[in-house]
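Heads up: the sequence shown runs through residues 31 to 260, numbered per the numbering used here.
C-beta atoms are modelled at their ideal positions from N, C-alpha and C, and glycine is treated no differently.
The structure appears below as structure tokens.
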Amino acid sequence: MQTARRAKHAEDNGTPSERRVAAEDAGLRPLREVTRKTGPPLNDQMDTEDTSDDGVGARDARDDEGNAEWSLFTKRKPIRKVKPEQLRLERVRPDQTIDYIMDHLRCETATILDARRLGKTNMLLLTFNTPSPPTRLVFDYEITRVYEYKPKIIACYNCHGLGHIAKYCPSEELKHNAADQKVASGVLRVRKLRRILKRRLTPELRRPSRVRRPQRHSLSLLKTRHMHRC
């Protein structure tokens, strides 16, 4: 006759599974409902989803009365990268700084990644971490509506580029710089020619020409030459 094998944790009233079954059979205390707790926050541009039961870790604990308590912790993993979305917020006062605005903005459905002003206007450009951003926010304890940001396309008729006008075209600036250099060199040449012509036409400014002067001999030298000839 084969005897029943003693449980490994007999001194602790059996294994965790045996204790759980015993607690259910005895009806000492109903098991708590399975709760799911979110994991650590991931990057702003990552969406998450819960894994299957294979990726769920379990933990049991015992209280002072010996009843088993169970809780499940679901793991999280990124499933796709989310493209940020930009919206504009109107009616922002000029004296409000970006830090003040970010401290008083509240959004429950999405995370605000960045905020900056649109030039000198009273509008603010907000960047969210979701492709479907909210339509309303809480700003200064008031519900404020946000609108889709559609920037105006600015084209340059000079170089056919985008993002600037012909007045501030980089290629036009290069042309102006080259033209200024040519004008400066031309001015220098004209000044040099004027100086040359002025010297040639004005007698006072003419350079004295080198004329060969006759040699002057002393009287004693002439006498000696005449005596030798005689």
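Self-check item: At least 3 beta-carbon pairs within less than 8 Å: the segment 156-173 vs the segment 135-142
Solution: yes
Exercise. Would you mind sorting Pro60 into buried or exposed? The rule is 16 or more other CB atoms within 10 Å of its CB.
Key: Looking up residue 60 in the sequence shown gives position 30. Unreliable positioning characterises Pro60 in this predicted model, as indicated by a pLDDT of 44, which lies under 50. The coordinate reading is nonetheless provided below. Per the 10 Å Cβ criterion, exposed.
Quiz item: How is Tyr179 classed by DSSP in three states: helix, strand or coil?
Solution: Locating residue 179 in the sequence shown gives position 149, counting from the first residue. Three-state DSSP puts Tyr179 in coil, outside helix and strand.
Exercise. Name the residue from Glu178, Pro181 and Pro200 whose alpha carbon lies nearest to the alpha carbon of Asn188.
Key: Taking the sequence shown and counting its residues from 1, one reaches residue 188 at position 158. Minimum Cα distance to Asn188 is reached at Pro200.
Practice problem: Measure the Cβ-Cβ separation of Leu143 and Thr160 and say whether it is below 7 Å. | Solution: By 1-based counting over the sequence shown, the position of residue 143 is 113. By 1-based counting over the sequence shown, the position of residue 160 is 130. Contact: no.
Quiz item: What are the residues that DSSP puts in a beta bridge with Arg173?
Solution: Looking up residue 173 in the sequence shown gives position 143. Arg is not the amino acid found at residue 173; the sequence shown has Ile there. In the DSSP output, where bridge partners are listed per residue, Ile173 has Val168.
Quiz item: Mapping DSSP to helix, strand and coil, what is Ala140?
Solution: Along the sequence shown, read from residue 1 onward, the residue named residue 140 stands at position 110. Ala140: coil per DSSP, three-state reduction.
Practice problem: Go to Asp129, then tell me how far its alpha helix (DSSP H) extends in each direction, as first and last residue. | Solution: Counting from one through the sequence shown, the residue named residue 129 turns up at place 99. Taken as a continuous stretch (DSSP letters only), the alpha helix (DSSP H) holding Asp129 covers Ile128 to Asp133.
Quiz item: Going by alpha carbons, who is nearest to Gly149 out of Pro181, Met132, Tyr171 and Tyr130?
Solution: Residue 149 sits at position 119 when you count from the first residue of the sequence shown. Nearest option by C-alpha distance: Pro181.
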